[in-house]
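K.L.:
Here it is, the structure in full.
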C-alpha cells in the first residue's frame, strides 16, 4: 500500500471521514446534439460560417455534420444531425450561452428549425 495513503485512510477510519482512494480522472467530455431542418439554405450558410470558429473557440469540434442518417428504431430525424464534442459539460454550456452563439442562433432560427441539447459523456 502507498505509504502516503495509509495515514489518510487511518485518519478516515478514526474520524469517520469518507475516503476515495481512486486516482483523479479527468472530467467527462460533453456533446451538443442538434437536429436541424434548413428552410433558407443561403441564410444557413451564413450561420455555418459564423458558428464553426465559435465552436473551435470553446474547445469544440465537429464529429458529425449532416452526414447520412438511417433510422434503425423509431422515427428518423426530420433534418440534418450535427454532433459537437467539447472537453467538458461546462465548456459546452459556455459555448451555448455565449453572447456570440446566442447572436448566431437568431440567424439559425430564421434559416432553420432546430432542436439542440447537451449530453454529458461517459467517463
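Residue numbers (the working numbering): 29 to 151. Virtual Cβ for every residue (Gly too), placed ideally from N, Cα, C.
(1) Can you tell which of 88, 109 and 89 has the C-alpha that lies nearest to the C-alpha of residue 98?
(2) Restricting to Cα atoms, I'd like to know which of 100, 128 and 118 is closest to residue 78.
(3) Taking only heavy atoms of the ligand GTP into account, decide whether any of them is closer than 8 Å to the Cβ of residue 122.
(4) Hey, would you say residue 119 sits closer than 9 Å to residue 149, going by beta carbons?
(5) Should residue 140 and residue 95 be called a contact, given that it needs their Cβ atoms to be closer than 9 Å?
(6) What are the start and end residues of each continuous beta strand (DSSP E) run of 3 or more residues lying completely inside the segment 66–104, in chain order?
(7) For residue 139, report the span of its beta strand (DSSP E) as first-last.
P.N.:
Considering the structure as presented:
(1) On the chain shown, residue 98 is found 70 positions in, with the first residue counted as 1. Closest option to residue 98, Cα to Cα, is 109.
(2) Here residue 78 refers to the residue found at position 50 when the chain shown is read from its first residue. Closest by alpha carbon: 128.
(3) Within the structure as shown, the ligand GTP is missing, as the structure has no ligands at all.
(4) The residue labelled residue 119 in the question sits at position 91 within the chain shown. The residue labelled residue 149 in the question sits at position 121 within the chain shown. Against a cut-off of 9 Å, the Cβ pair of residue 149 and residue 119 comes out as no contact.
(5) For this step, residue 140 is matched to residue 112 along the chain shown. For this step, residue 95 is matched to residue 67 along the chain shown. It is not a contact, given that the beta carbons lie outside the stated cut-off.
(6) 89–93
(7) What you label residue 139 is simply residue 111 of the chain shown in a count that begins at 1. Counting along the chain, residue 139 falls outside any beta strand (DSSP E), though it belongs to the alpha helix (DSSP H) covering 127–139.
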